[in-house]
Amino acid sequence: MQRRKFLQAAGLSATAIVTQPLLAKEHKRALKRNVAIKPLTLCTWNFHRASAKSWEVLSSGGTALDAVEQGVMVEESDLSNQTVGKGGRPDRDGEVTLDACIMDSNGNCGSVVYLQNIAHPIQVARKVMEETPHAMLAGKGAEQFAYEMGFKRENLLTPQSKAEWEAWKITSQYKPIINIENHDTIGMLAIDKNGDIAGACTTSGMAYKMAGRVGDSPIIGAGLFIDNEIGGATATGVGEEVMKTVGSFLIVELMRQGMSPQEACEEAVNRIVKKNPEYANFQVGFIAVNKAGETGAYCIQPGFSYSYYDQNGQENRPASSHL
Ligand code: ASP
Numbered sequence: 027m028q029r030r031k032f033l034q035a036a037g038l039s040a041t042a043i044v045t046q047p048l049l050a051k052e053h054k055r056a057l058k059r060n061v062a063i064k065p066l067t068l069c070t071w072n073f074h075r076a077s078a079k080s081w082e083v084l085s086s087g088g089t090a091l092d093a094v095e096q097g098v099m100v101e102e103s104d105l106s107n108q109t110v111g112k113g114g115r116p117d118r119d120g121e122v123t124l125d126a127c128i129m130d131s132n133g134n135c136g137s138v139v140y141l142q143n144i145a146h147p148i149q150v151a152r153k154v155m156e157e158t159p160h161a162m163l164a165g166k167g168a169e170q171f172a173y174e175m176g177f178k179r180e181n182l183l184t185p186q187s188k189a190e191w192e193a194w195k196i197t198s199q200y201k202p203i204i205n206i207e208n209h210d211t212i213g214m215l216a217i218d219k220n221g222d223i224a225g226a227c228t229t230s231g232m233a234y235k236m237a238g239r240v241g242d243s244p245i246i247g248a249g250l251f252i253d254n255e256i257g258g259a260t261a262t263g264v265g266e267e268v269m270k271t272v273g274s275f276l277i278v279e280l281m282r283q284g285m286s287p288q289e290a291c292e293e294a295v296n297r298i299v300k301k302n303p304e305y306a307n308f309q310v311g312f313i314a315v316n317k318a319g320e321t322g323a324y325c326i327q328p329g330f331s332y333s334y335y336d337q338n339g340q341e342n343r344p345a346s347s348h349l
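Shown next as C-alpha cells:
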C-alpha cells in the first residue's frame with residue numbers, strides 16, 4: 027500500500043505520524059525535570075506587594091489556593107490601582123463592575139462576572155467554587171450570593187475614578203482598544219510545598235467599557251487555566267483577543283505537549299498576532315509556570331513584566347515582546 031493511502035486508511039495524517047513520538051519524548055523530558063518541589067508565586071505586572079503577600083502565605087506552609095487568593099486581594103484593596111477591585115475605573119455609565127476567577131489544583135474553579143458593590147470579587151469567586159454547584163455567577167445573582175455569604179455592600183467608585191470618568195464623558199470617546207498603559211489586571215499563579223498549583227485573576231476590566239461587557243479575566247481557559255499535572259497560565263491585556271484564542275488553556279495544552287512555559291506563551295501571543303492585523307495597537311501579555319517551576323512570559327508590546335517570588339527572594343522580571 028502506498029504510504030499516503032496507508033495513512034488515510036489508518037485515519038492518520040503524515041503530521042500525526044511525525045510529531046506524536048516527538049511530543050511524547052518532550053513530554054517525558056518535561057516530566058523528568060519535575061524533581062524537587064520549589065514553592066513559588068508569580069503574578070502579572072510589578073505587583074510586588076501582592077507577590078509578597080502570596081509568598082508570605084506559601085512560606086508559612088499555606089496552600090497555593092490561599093496564596094493566590096490573599097495575594098490578589100492586596101490589589102483589589104489598593105485604591106490607587108484603577109484596574110482591579112475598589113477604585114477600578116467604571117464602565118461608560120459610571121458603574122464599577124468587577125470580574126474574577128480562581129482555580130485549584132483539583133481542577134475546581136469559581137468565577138464571578140459583572141459583580142457590583144463588592145470589594146473582593148476573588149473571595150466571592152472562591153465561594154462560588156466551594157459553596158455552590160456552579161462554576162460562574164453573574165451580575166445581580168452574584169451580588170445577591172455575596173450578601174448571603176456575608177460580604178458587605180460598598181461603593182466601589184472612588185472620587186478619583188469618578189472625576190476621571192466625568193472628564194471622559196465630555197468627549198465620551200469609546201475606545202474599545204485599551205491604551206497600552208491601561209491594563210493592570212492581576213493574574214497570579216502559585217506552587218505550594220506539596221507541589222500543588224493554583225491560580226487567580228481579578229480585574230475591573232476595560233475602562234469605560236460598554237455596560238455588560240465581560241473580558242477574559244473571569245473566563246476559565248481564557249484569563250486563567252490550571253492543570254495540576256502540567257502547570258498554569260494567566261493573562262492581561264485586551265480580553266477580547268485572549269478569549270478568541272482561549273489563551274491560558276492554549277498555553278497549558280502546549281506545555282502538555284512538551285513546550286516550555288516561555289515557548290507556550292510565545293505561541294499564544296503569535297496566534298493573536300497572526301489573526302489580528304491591528305495587533306500593534308493593543309497589548310496582551312501572558313505568564314505561565316510548569317509543574318517543575320519553570321516560568322515564562324511574553325507580550326505584544328514592550329513594557330510588560332511579572333513579579334516572581336521564591337525562597338531566594340523577589341524579582342520583577344521583564345517579559346520579552348513581539349514588537
Ligand atoms: N484583561 C482585562 C479585560 O479585558 C483587562 C486588562 O488586563 O487590561 O477585562
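Per my numbering, numbering through the sequence shown is continuous, rising by one, with the last residue being 349.
All C-beta atoms in this analysis are idealised placements derived from N, C-alpha and C, irrespective of residue type, glycine included.
The structure displayed is predicted, hence computed values, not measured ones.
When distances are taken from the beta-carbon of residue 162 to the heavy atoms of the ligand ASP, even the shortest one reaches 8 Å or more.
The residues 175, in chain order, have a CB closer than 8 Å to that of residue 157 in the same chain once the five nearest residues on each side in sequence are set aside. For residue 243, the shortest C-beta to heavy atom distance toward the ligand ASP is below 8 Å. Relative to the ligand ASP, residue 232 has its C-beta within less than 8 Å of a heavy atom. In the three-state reduction of the DSSP assignment, residue 173 falls in the helix class, which pools H, G and I. For residue 266, the shortest separation between its Cβ and any heavy atom of the ligand ASP lies below 8 Å. Excluding five sequence positions before and after residue 120, the CB atoms of its chain that fall closer than 6 Å to its own CB belong to 191, given in chain order.
Judged by beta-carbon spacing, residue 221 lies within the 9 Å limit of residue 317, meaning their Cβ atoms are closer than that value. The alpha-carbon separation between residue 102 and residue 251 amounts to approximately 20 Å. Note that the C-beta distance between residue 311 and residue 325 is below 9 Å. Residue 155 and residue 188 have their alpha carbons spaced roughly 32 Å apart.
The residue among 214, 68, 223, 228 with its C-alpha nearest the C-alpha of residue 134 is 223.
Relative to the ligand ASP, the beta carbon of residue 211 is positioned inside 8 Å of a heavy atom. Placement of the Cβ of residue 263 at a distance of less than 8 Å from at least one heavy atom of the ligand ASP is found.
Remark: C-beta atoms of residue 238 and residue 332 do not approach each other more closely than 9 Å. With a contact defined as Cβ atoms closer than 8 Å, residue 152 and residue 95 qualify at about 6 Å. Distance check between residue 235 and each of 345, 122, 113 places 122 closest, using alpha-carbon atoms only. Taking C-alpha positions only, residue 180 is separated from residue 149 by approximately 15 Å. DSSP places residue 222 outside both helix and strand once states are collapsed to three, so it counts as coil. For residue 124, the CB contacts under 6 Å within the same chain, skipping 5 residues up- and downstream, are 141, 147, 230 in chain order. Per DSSP, residue 275 is not a residue of any beta strand (DSSP E); the alpha helix (DSSP H) it occupies stretches across 273–282.
In the DSSP assignment, residue 68 forms a beta bridge with 215, 334. Secondary structure of residue 183 (DSSP, three-state): coil.
Checking the 8 Å criterion, the Cβ of residue 109 is within range of a heavy atom belonging to the ligand ASP.
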